Structure formats: structure tokens, C-alpha cells
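Chemist: Residue numbers (the UniProt record's numbering): 1 to 213. For each residue, glycine too, the CB sits at the ideal point set by N, CA and C. No experiment lies behind these values; they were computed from the predicted model shown.
Below you can see the structure in the form of C-alpha cells.
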């Protein structure tokens, strides 16, 4: 028989930029088997005096190969997924409360890469961050999200879907992706770049430039 208890847990996040001078805040969620410490390096080209970047790390850490060596992190698996979704929301809500407590940023960005995109999408639709700009990067939009139930989410933000034209996980699927977003109640700008399953700095800076005034 399965049983559950709720516990407190220590989590970590990494930052880049100066929160005292920054006018914009970015919360960026890493992909499967990545660590936030390394993922945040992909955002170092954003002006650190104007942009405060925050990279939370998923709860689940594991050895990427065998029982030693490099470590990765995950946001969830198929096991007890609803518990993980709720735990992720509580984690991100608490983090957002702390980050926004004493600062009013002009622009709030939420970016989810790969597996982090699903977590970001769910949180954006029902969380407390109220992002002005939402970026789903090389990720699948979760089918279990009810946009009507969202407190804020995609109906009230500038939305982007970004993908590399050589992304190995999306080969032959771009028409399906475009068709999906055309049918949604929220508008999404689709951006592609010359590359694979990664965060492209040039495209990232384009999105920043389009929304930072």
C-alpha cells in the first residue's frame, strides 16, 4: 500500500546579473539532465546591469551514467507526476515571492527549455510570477493545461516558441507544431534558428530586444 508524507526540502538556484540595477528579470528552467549552474551560462550575453537571470534547479538529481561521474537534474518523471507538478509549483511560487518582494521589474521573462518547458508552461498558466514574456524553447506544450483555468498565463503575455532547424527531437514535426499553435486561444510567435537542441544566443538576444524598452 502506498503512503505519502509532505516534507520540507532544500533547493538551489543560480543567478546572473545585478538585481539592484536590473530593470528586467528572467526565470529560466533547464532541460532534462542539465544542472542550473551550467544552464545559466547560456544567458551571460544578456546585459547583467539591466537583466537579472535566475535559474532554479529541478528537485531530482542523478548520475547521468552509471553510479558516479557527471550529475544531471530533472523536473519530474512519469512516477507520481501530479505530486511533482504540485511540488514544482510550490517551489517556484515561493522563489518568485522572494525575488519580487522588494523589487518591481519592468519586464518579467519566463523561459523553459526542453523538459523545463513543460514545467514553465504549467507554472505560467497557474502560478504567481505573471510573466510579461513567455518563451517555450525546444519543448512540447503540455496537453493537460486548461487555458481557461489559468489565472494569468499565455492569454496575458507575449508568447514565443523557439526551435533549431536541426533539432533532433523535432525533425519532420514543424508543420504539426505550427498547426498546434494556430489552434490555440493565445497568440505565439514562432522563431527558428540555424542549430540543434540548444539555446541560441542570437535568437535569445532578439527576443530580449523585442521586449525590453
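(1) Check whether the segment 76-89 and the segment 35-45 are in contact - that is, three or more C-beta pairs closer than 8 Å.
(2) Here's a check: name, in chain order, each residue in its chain whose Cβ is nearer than 6 Å to the Cβ of residue 64, leaving out the five neighbours to either side.
(3) Going along the chain, which residues of its own chain have a beta-carbon closer than 7 Å to the beta-carbon of residue 203, five neighbours each way excluded?
(4) Could you tell me the alpha carbon to alpha carbon distance between residue 50 and residue 128, rounded to whole angstroms?
(5) So residue 137 and residue 92 are supposed to be a Cβ contact under 8 Å. How far apart are they, rounded?
(6) Just confirm the distance between the C-beta atoms of residue 172 and residue 196, as a whole number of angstroms; I'd bet it's less than 8 Å.
(7) With 16 other CB atoms within 10 Å as the buried threshold, where does residue 76 fall?
(8) Quick one: Cα of residue 9 to Cα of residue 156, how far?
(9) Residue 187: which of 154, 209, 176, 200 sits nearest, CA to CA?
(10) In terms of residue numbering, what span does the beta strand (DSSP E) encompassing residue 110 cover?
Modeler: Checking against the coordinates, here is how it stands:
(1) As far as the Cβ criterion goes, the segment 76-89 does not touch the segment 35-45, which means the pair count is below three.
(2) Along the chain shown, one-based indexing puts residue 64 at 64. Once the five neighbours on either side are set aside, the close Cβ partners of residue 64 are 33, 70, 72.
(3) Counting from one through the chain shown, the residue named residue 203 turns up at place 203. Hits under 7 Å: 162, 191, 193.
(4) Position 50 of the chain shown, counting from 1, holds the residue named residue 50. Position 128 of the chain shown, counting from 1, holds the residue named residue 128. Using only the alpha carbons, I get a separation of about 23 Å.
(5) Taking the first residue of the chain shown as position 1, residue 137 is located at position 137. Taking the first residue of the chain shown as position 1, residue 92 is located at position 92. The Cβ separation is near 17 Å, so there is no contact.
(6) For the purposes of this step, residue 172 is taken as the residue at position 172 of the chain shown. For the purposes of this step, residue 196 is taken as the residue at position 196 of the chain shown. The pair is not a contact, with the Cβ atoms about 15 Å apart (cut-off 8 Å).
(7) Reading the chain shown from its first residue, position 76 is the one you call residue 76. Counting the other CB atoms within 10 Å of its CB gives residue 76 a total of 16 or more, which places it among the buried residues.
(8) As a first step, residue 9 must be located in the chain shown, where it is residue number 9. As a first step, residue 156 must be located in the chain shown, where it is residue number 156. The straight-line gap from Cα to Cα measures roughly 32 Å.
(9) Taking the chain shown and counting its residues from 1, one reaches residue 187 at position 187. Restricting attention to 154, 209, 176, 200, the CA atom closest to the CA of residue 187 is found in 154.
(10) Against the chain shown, residue 110 aligns to sequence position 110. Taken as a continuous stretch (DSSP letters only), the beta strand (DSSP E) holding residue 110 covers 107-113.
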